[in-house]
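Q: Pasting a structure below so you can have a look.
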Amino acid sequence: MNFSQGNVLPTVPRPVQPCLQLVYNLSAVFFNKDVYMGFSATSAPSRQGMEGHVIYSWNFTNDLDRRPNEGELKLYKVLAPVAAGLALLVILILTCIILVRRRRNLEMRSGAGQRIQRALQTARPFSYAELESATNGFDEKRKVGEGGYGAVYKGILQGGALVAVKRLKRSLMMEKDFCNEASIIRKVRHRYLLELHGWCYEEGRDALLVSQFMNRGSLDRYIFDTRRKGELGSSPMAQKEMRVRLLTQVATALEYLHKGLGECVLHRDVKAANVLLSDDTQMEARLCDFGLARLISHGRGPVTMSAAGTPGYVAPEILYNGVATDKADVYSFGVLVLEVATGRHAISFVSARTAFLGQEGPVQLHIPSALWSSLSLEQDTLSDQQLLQILDSSLLYNVLHAAPTSPSSSRQSSHEEDDLSRTMKTLLNDWRCVVQVGLMCCHPSPEGRPSMKEVSRALDQKLLIPLPRTKPTVPYQFPVHPWVVTSNSLSNPSSGYLVPSLLSGPR
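The opening residue of the sequence shown carries number 1 in UniProt numbering; numbering runs sequentially from there.
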């Protein structure tokens, strides 16, 4: 017991601290037994001079847990086993689900290599470590291009052989995509299609495809780079022959994909960057990148697909309703033809005057829409003047700027002028066939486009495909692609489409 005492008279007010204070610990007396606590004391004040005591306050503190009553104990005894049983049941169910899924995934993954190997019977399987070493750990300096499904790297195998390693991007459907591409490549055997040499598919890693490395690179490096255009030919005639020959080879490859495999294979990403050039002196074309390819039965007709491909090359019907046929590849090939003929990218900012529109100011040019909207189709063929406005100036430069070597000799000058005139006429006639093929391939309506068989024959035999006398009815606006951002959209966040393809000029 602890006491504190003070002498206080009855008339003295209550002190701040108690006059008598007792703190008593009862835990050592009662332990954990049930007890009832109470407190009694007199609280009568002093009267007639007699001593009196006043209890100001008292409290009792219990540090022990409250013991539940018998009803609560019975409820606990009933609920505890039930809750434990339910928890155990849930754990067992979840464990079974996880084990079943893991087993199923393991079975799928273990069979993936076998399925791919069956699909690629003639191709060599590589280990991931071997190809990783060949590309120096997929070094960015070794990257030579970017395809629809992944990047392409230059690789050097242990024997010194150069290869191109295509590293496919991972996705939830990676095995399905890989097997799809593998099944298509297995069927493809064509001179102008890039042949597969090997593959690699290991669990938890990127899928890899190995093909022949093309030192010359892709066609876009030669038709857009003014410093390299001369490598396609030393004269306008040689340039024309080389460009038309490469286009004919690509057309032949597409004709084979559409009609030569029993089922129609849509490439879906035909563009200059996917046309590789062989290293031999003939410089042949090799169409590559089947990452977006799809198989379509000839009897099934149009198939609805998501819009995929490269902005500027995608057919308008794909962007608007997702309907894909072989005519979508024809459209992309037509854009490629017009790029080769004009030396311009499918979509680019140019001066309106240089864009054969006859107006001032910059425009965002989409080649097919610009030509169809600006050309006067009074006849079913393009005039020489129209061709001179359309063609890449480097294709005619030497002819247009040639001068007689001996001005003093009028006879020699006359002969040279006649030769130049014949050369120019031949060039314009040949390019007229090419440009009109490109225009008809880019017809706004799929029904107005020729087949790749007709295109291949027209390019090979220099046949003139006539243009319509009136401008075709456009069922869709010219290609609108969400990945293409116009100059207007930079200041207007709500605008993210190329609408219309020309920012000025006739519609």
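Note that beta-carbon positions come from the ideal geometry of N, C-alpha and C, so glycine has one too. This structure is a prediction, so every number in the text was calculated from the model and none was measured.
#1: Under 8 Å Cβ to Cβ from Leu427, same chain only, skipping five residues before and after it: list those, please.
#2: Can you tell me whether Ser348 is helix, strand or coil according to DSSP?
#3: Straight-line CA distance for Lys259 to Asp430?
#4: Check Tyr76 in the structure and name its three-state DSSP category.
#5: Buried or exposed for Ala129, going by 16 or more other Cβ atoms inside 10 Å?
#6: Using a Cβ-Cβ cut-off of 6 Å (strictly less than) and excluding sequence neighbours within five positions of Ala328, which residues of its own chain qualify?
#7: Under the rule that 16 or more other beta-carbon atoms within 10 Å means buried, what is Ser40, buried or exposed?
#8: Residue range of the beta strand (DSSP E) that Ala328 falls in?
#9: Could you tell me if Asn59 is buried or exposed, where buried requires 16 or more neighbouring beta carbons within 10 angstroms of its beta carbon?
#10: Just to confirm, are Leu391 and Thr342 a CB contact at a threshold of 8 Å?
#11: Starting from the C-beta of Cys288, find all residues in its chain whose C-beta is less than 6 Å away, skip the five residues before and the five after it, and write them out in chain order.
#12: May I ask you to list the residues that DSSP assigns as paired with Ser218?
#13: Return the chain-ordered ranges of every alpha helix (DSSP H) run that is complete within the segment 421-464 and spans a minimum of 4 residues.
#14: Tell me where the alpha helix (DSSP H) around Trp372 begins and ends.
#15: Tell me the DSSP secondary structure of Leu209 in three-state form.
#16: Using the C-alpha atoms, what's the distance from Asn25 back to Val37?
#17: Below 8 Å on the Cβ atoms is my guess for Phe213 versus Val163; work out the distance and round it to an integer in Å.
#18: Can you look up Ala146 in the DSSP assignment and give me helix, strand or coil?
#19: I'd like the span of the alpha helix (DSSP H) that includes Ala315, first residue to last.
#20: Between residue 516 and Glu284, how many whole angstroms is the CB-CB distance? I'm expecting something under 8 Å.
#21: Quick check: what's the CA-CA separation for Ala403 versus Cys441?
#22: Assign Gln364 to buried or exposed, taking buried as 16 or more other Cβ atoms, counted over all protein chains shown, within 10 Å of its Cβ.
#23: Among the residues of its own chain, which have a CB less than 8 Å from the CB of Gly448, if the five just before and after it don't count?
#24: For a test of the three-state rule: what should DSSP assign to Lys229, helix, strand or coil?
#25: What would DSSP say about His190, mapped onto helix, strand or coil?
#26: For Glu255 versus Ser456, is the C-beta distance shorter than 8 Å?
#27: Taking only three categories from DSSP, how would you classify His267?
#28: In whole angstroms, what separates the C-alpha of Met173 from that of Gln249?
#29: Which residues in the same chain as Arg221 place their Cβ atom closer than 7 Å to its Cβ, once the five residues preceding and following it in sequence are excluded?
#30: State the DSSP-derived secondary structure class of Tyr201, mapped to helix, strand or coil.
#31: Where do the ends of the beta strand (DSSP E) carrying Leu162 lie?
#32: Is Gln436 closer than 8 Å to Leu371 when the C-beta atoms are compared?
#33: Determine the extent of the alpha helix (DSSP H) in which Arg469 is found, giving its start and end residues.
#34: Compare the Cα-Cα distances from Trp199 to each of Ser348, Phe138, Val78, Phe126 and report the closest residue.
#35: Can you check DSSP and say which residues form a bridge with Ala285?
#36: Taking all protein chains shown into account, do 16 or more other C-beta atoms lie within 10 angstroms of the C-beta of Gly85, making it buried, or fewer, making it exposed?
A: By the coordinates alone:
#1: By 1-based counting over the sequence shown, the position of residue 427 is 427. In chain order, Pro236, Met237, Lys240, Leu395, Leu396, Val399 place their CB closer than 8 Å to the CB of Leu427, counting only its own chain and leaving out the 5 sequence neighbours on each side.
#2: For the purposes of this step, residue 348 is taken as the residue at position 348 of the sequence shown. The answer is strand: DSSP assigns Ser348 an E or B state.
#3: Locating residue 259 in the sequence shown gives position 259, counting from the first residue. Locating residue 430 in the sequence shown gives position 430, counting from the first residue. Lys259 and Asp430: Cα-Cα distance of roughly 27 Å.
#4: For this step, residue 76 is matched to residue 76 along the sequence shown. Helix, per DSSP.
#5: Here residue 129 refers to the residue found at position 129 when the sequence shown is read from its first residue. Note on Ala129: under 16 other CB atoms within 10 angstroms of its CB, so exposed under the neighbour-count rule.
#6: Mapped onto the sequence shown, residue 328 falls at position 328. Same-chain partners within the cutoff: Ala315, Ile318.
#7: To locate residue 40, count along the sequence shown from 1; it is residue 40. By the neighbour-count criterion, in which 16 or more other beta carbons inside 10 Å mark a residue as buried, Ser40 falls on the exposed side.
#8: For the purposes of this step, residue 328 is taken as the residue at position 328 of the sequence shown. Boundaries around Ala328 are those of the alpha helix (DSSP H), 326-342, since no beta strand (DSSP E) includes it.
#9: The residue given as residue 59 occupies position 59 in the sequence shown. By the 10 Å Cβ count, Asn59 comes out exposed.
#10: For this step, residue 391 is matched to residue 391 along the sequence shown. For this step, residue 342 is matched to residue 342 along the sequence shown. Against a cut-off of 8 Å, the Cβ pair of Thr342 and Leu391 comes out as a contact.
#11: Taking the sequence shown and counting its residues from 1, the one referred to as residue 288 is at position 288. Correct list, in chain order: Leu194, Asn274, Leu276.
#12: As a position in the sequence shown, residue 218 is number 218, starting the count at 1. Under DSSP, the beta-bridge partners assigned to Ser218 are Leu276.
#13: Entirely contained in the segment 421-464, the alpha helix (DSSP H) runs reaching 4 residues are, in chain order, 452-461.
#14: Taking the sequence shown and counting its residues from 1, one reaches residue 372 at position 372. 367-374 is the extent of the alpha helix (DSSP H) around Trp372.
#15: By one-based count along the sequence shown, residue 209 stands at place 209. The three-state reading of DSSP puts Leu209 in strand, counting E and B together.
#16: The residue labelled residue 37 in the question sits at position 37 within the sequence shown. The residue labelled residue 25 in the question sits at position 25 within the sequence shown. Note that residue 37 is Met in the sequence shown here, rather than Val. Between Met37 and Asn25, the C-alpha separation is close to 13 Å.
#17: The residue given as residue 213 occupies position 213 in the sequence shown. The residue given as residue 163 occupies position 163 in the sequence shown. Indeed they touch by this definition, with Cβ atoms about 5 Å apart.
#18: Numbered from 1 along the sequence shown, position 146 holds the residue referred to as residue 146. The amino acid at residue 146 is misidentified as Ala; the sequence shows Glu. Three-state result, Glu146: strand.
#19: For the purposes of this step, residue 315 is taken as residue 315 along the sequence shown, with counting starting at 1. Per DSSP, Ala315 belongs to no alpha helix (DSSP H) and is neither H nor E.
#20: In the structure displayed, the chain extends from 1 to 507; residue 516 sits before or after that span and is not available.
#21: As a position in the sequence shown, residue 403 is number 403, starting the count at 1. As a position in the sequence shown, residue 441 is number 441, starting the count at 1. Any reading at Ala403 must be qualified, since the residue scores a pLDDT of 46, below 50, and its modelled position is unreliable; the value itself is stated next. Counting only the Cα atoms, Cys441 lies some 37 Å from Ala403.
#22: By one-based count along the sequence shown, residue 364 stands at place 364. Around the beta carbon of Gln364, a 10 Å sphere encloses 16 or more other beta carbons of the protein chains shown; the residue is thus reported as buried.
#23: Locating residue 448 in the sequence shown gives position 448, where the first residue counts as 1. Counting only Cβ-Cβ distances below 8 Å, and skipping sequence neighbours, we find Met440, Pro468, Pro472.
#24: If you number the sequence shown from 1, residue 229 lands on position 229. Secondary structure at Lys229: helix, using DSSP grouped into helix, strand and coil.
#25: Counting from one through the sequence shown, the residue named residue 190 turns up at place 190. In the structure shown, His190 sits in coil (DSSP, three-state: anything other than H, G, I, E or B).
#26: Taking the first residue of the sequence shown as 1, we reach residue 255 at position 255. Taking the first residue of the sequence shown as 1, we reach residue 456 at position 456. Note that the C-beta distance between Glu255 and Ser456 is below 8 Å.
#27: As a first step, residue 267 is located in the sequence shown; it is residue number 267 there, counting from the start. Under the three-state reduction of DSSP, His267 is assigned to coil, being neither helix nor strand.
#28: Counted from its first residue, the sequence shown places residue 173 at position 173. Counted from its first residue, the sequence shown places residue 249 at position 249. Because Met173 carries a pLDDT of 45, less than 50, the predicted location of this residue cannot be relied on, and no value is offered for it.
#29: The sequence position of residue 221 within the sequence shown is 221, counting from 1. Taken in chain order, the residues that qualify are Arg228.
#30: Here residue 201 is taken as the residue at index 201 of the sequence shown, counted from 1. For Tyr201, the secondary structure class from DSSP, reduced to helix, strand or coil, is coil.
#31: Residue numbering aside, residue 162 sits at position 162 when the sequence shown is read from its first letter. Leu162: member of the beta strand (DSSP E) spanning 162-168, first to last residue.
#32: Position 371 of the sequence shown, counted from the first residue, corresponds to residue 371. Position 436 of the sequence shown, counted from the first residue, corresponds to residue 436. Taking the C-beta atoms as reference points, Gln436 is found no nearer than 8 Å to Leu371.
#33: In the sequence shown, counting from the first residue as 1, residue 469 sits at position 469. Segment: none, Arg469 is in no alpha helix (DSSP H) and carries neither H nor E.
#34: The count along the sequence shown starts at 1 and reaches residue 199 at position 199. Comparing C-alpha distances from Trp199 to each of Ser348, Phe138, Val78, Phe126 shows the shortest one belongs to Phe126.
#35: Stepping through the sequence shown from its first residue, residue 285 is reached at position 285. Beta-bridge pairing links Ala285 to Leu277.
#36: Numbered from 1 along the sequence shown, position 85 holds the residue referred to as residue 85. Under the 10 Å beta carbon count, Gly85 is surrounded by fewer than 16 other beta carbons and is classified as exposed.
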